[in-house]
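Under mature numbering (1 follows the signal peptide of the UniProt record, and there is no 0), the letters of the sequence shown match residues -23 to -1, 1 to 184, in that order.
Encoded as structure tokens, the structure appears first; notes follow it.
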Amino acid sequence: MRHAWKPVTALILVAALPACVSARLGGSPPRAVAAVPQAGAGYSEPTALEPAPAAPAGSVLAEPLPPPPGSQVAAVDTGVPAAGGPVIADVPPTPAAPPAQVAAINPVPAAPSGPSRSSVLGGWNAREATGSSCRVTLSSSPALDLYRASTVNCQNKDLARVSAWDFRDGEVYLYQPGGTVAARLRSGGGALEGALTKSGAPLTLAR
């Protein structure tokens, strides 16, 4: 029996030698071969041993490193207010005040305008104190520094000689040739009322 195990021992040593050499050189160790004796024989054929399963590799989680002490980290605007900070609600704009209403004021009627040079132009009916009447026309045609005037069918000699007229200070002046004032009249009640200068007799010119 001792002689039967000697060849088996030598075979195991020979198989282990390359494994040691390969381990030193950094190579992969060969599969170990074990000899299992069979019944009725001195040794048996070596059988290949399955390698042990490799240990599962652990998973590595990559996380950002914390900033060094004393460094400032830029804040990222996420649109969400920070915890504990005041929340400002949108305030609707203040409506504009309605325009002030101004009460309608009735316009004050304009005061009747006084007589003017243009308002006395044209023909007039002259009535004397004696009851006689005639036609007096005041023209806009200039006559030296006055305006032309004419009479028709006037019985009073002073009135019949009127040849010019003028308007000054709200009064109508009737002139004879040579610049003599024949009468002075003032507007009143839609007519011109006055008197003859020489006789002082009242005179009225109406439309």
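For every residue, glycine included, the Cβ atom is placed at its ideal position computed from N, Cα and C.
Just so you know, these numbers come straight off a predicted model, no measurement behind them.
So, helix, strand or coil for A160, using DSSP?
strand
Cα-Cα separation between Y124 and S116, rounded to whole angstroms:
6 Å
Paired residues, beta bridge with C111 - DSSP:
A103
Looking at the secondary structure, which residues open and close the alpha helix (DSSP H) in which L182 lies?
Element bounds for L182: not the alpha helix (DSSP H) but the beta strand (DSSP E), P179 to A183.
Can you tell me the Cβ-Cβ gap for C131 and A103, rounded? I've got them flagged as a contact below 8 Å.
7 Å
Taking the alpha-carbon of S95 as reference, which of S118, R138 and P179 has the nearest alpha-carbon?
S118
Taking L169 as the reference, give the member of Y150, A141 and N133 with the closest Cα.
Y150
For chain C, find out if any of its Cβ atoms is closer than 8 Å to the Cβ of P70; answer yes or no.
No chain C appears in this structure, which consists of one protein chain only.
How big is the Cα-Cα spacing for W101 and V139?
13 Å
At what residues does the beta strand (DSSP E) containing A143 begin and finish?
A quick correction: the sequence has Asp, not Ala, at residue 143. Per DSSP, D143 belongs to the beta strand (DSSP E) from A141 to R145.
Among all the DSSP beta bridges, which residues are the ones paired with S127?
T114
Using a Cβ-Cβ cut-off of 7 Å (strictly less than) and excluding sequence neighbours within five positions of A137, which residues of its own chain qualify?
T128 and C131
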